[in-house]
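Residue numbers (this note's numbering), protein chains in the order written: chain A, 137 to 247; chain B, 54 to 167.
Next comes the structure, spelled out in structure tokens:
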């Protein structure tokens, strides 16, 4: 059975801290790995990773994929209170491109 | 604003009611998806439509009935639901169901079944 595991499940930090969120997976027919940020309701897209070792960056956020060890990390530097959200990792599998989601990491950034 | 809208945003219904959730995407996409998000569980894929054809039914009970009249609109018809069906129902769309196509999500409908 396809599985995506995120850790930690929740994290509390202070503004300015750097955090690393983890996502490991065991799936058949891997196509890509995606990170989403969910505040209140709609998950919003952050990154799609398909190749190992290539870092994707967007401002203070960055992510990298290791297809040999089957994991990805999402880094957030100089965290701000607006970074507080649930961060979802999803793996796209199969010919239909279905997404298998992890449970998410709830990040709380305190002022 | 992601270009995917859902109505209603909140819905409370009894177990004998019939209601429908609506999703509309303004992105010119051809694939649309229904997901269920329950407390403390991962997002679960329910249905996939690609060019109006259903390509995936992820073992969803028949009390959930999807309808996709065109590539821009997706409905989820609900009847005789159970309290455990209470959840956030998210719609998403993508260009197609291809490896390079990111799914964009709507704001969801928070459903409570009494």
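All C-beta atoms, glycine included, are put in the ideal place defined by N, C-alpha and C. If you're wondering where the values come from, they're calculated on a predicted model, not measured in any experiment.
The ligand HEM heavy atoms versus the CB of residue 185(A): any closer than 6 Å?
-> The ligand HEM is absent from the structure shown, which contains no ligands of any kind.
Could you tell me the distance, in whole angstroms, from the CA atom of residue 247(A) to the CA atom of residue 96(B)?
-> 30 Å
If we cut at 7 Å on Cβ distances, does residue 178(A) have a partner in chain B?
-> yes
Could you check what DSSP says for residue 202(A) in three-state terms: helix, strand or coil?
-> strand
Express the C-alpha separation of residue 182(A) and residue 243(A) in angstroms, rounding to a whole number.
-> 15 Å
Hey, residue 158(A) and residue 143(A) are a contact pair by Cβ (cut 8 Å); roughly how many whole angstroms apart?
-> 5 Å
Nearest candidate by alpha-carbon position, reference residue 231(A), set 166(B), 108(B) and 73(B) | 108(B)
Output the boundary residues of the beta strand (DSSP E) element that contains residue 247(A).
-> Element bounds for residue 247(A): n/a, residue is neither H nor E.
Hey, is residue 166(A)'s beta-carbon within less than 7 Å of any beta-carbon in chain B?
-> no
Tell me whether residue 146(B) is buried or exposed, calling it buried when 16 or more other Cβ atoms sit within 10 Å of its Cβ.
-> buried
Would you please state the rounded distance, in angstroms, between the beta carbons of residue 143(B) and residue 67(B)? I believe it to be under 8 Å.
-> With 8 Å as the limit, residue 143(B) and residue 67(B) do not qualify as a contact, their Cβ atoms being about 23 Å apart.
Just curious, the beta strand (DSSP E) that residue 120(A) is in, first and last residue?
-> Residue 120(A) falls outside the range modelled here, since chain A spans only 137 to 247, and no answer is possible.
Find the residues of chain B that neighbour residue 224(A), judging by a C-beta separation of less than 9 Å, and give them in chain order.
-> 95 and 96
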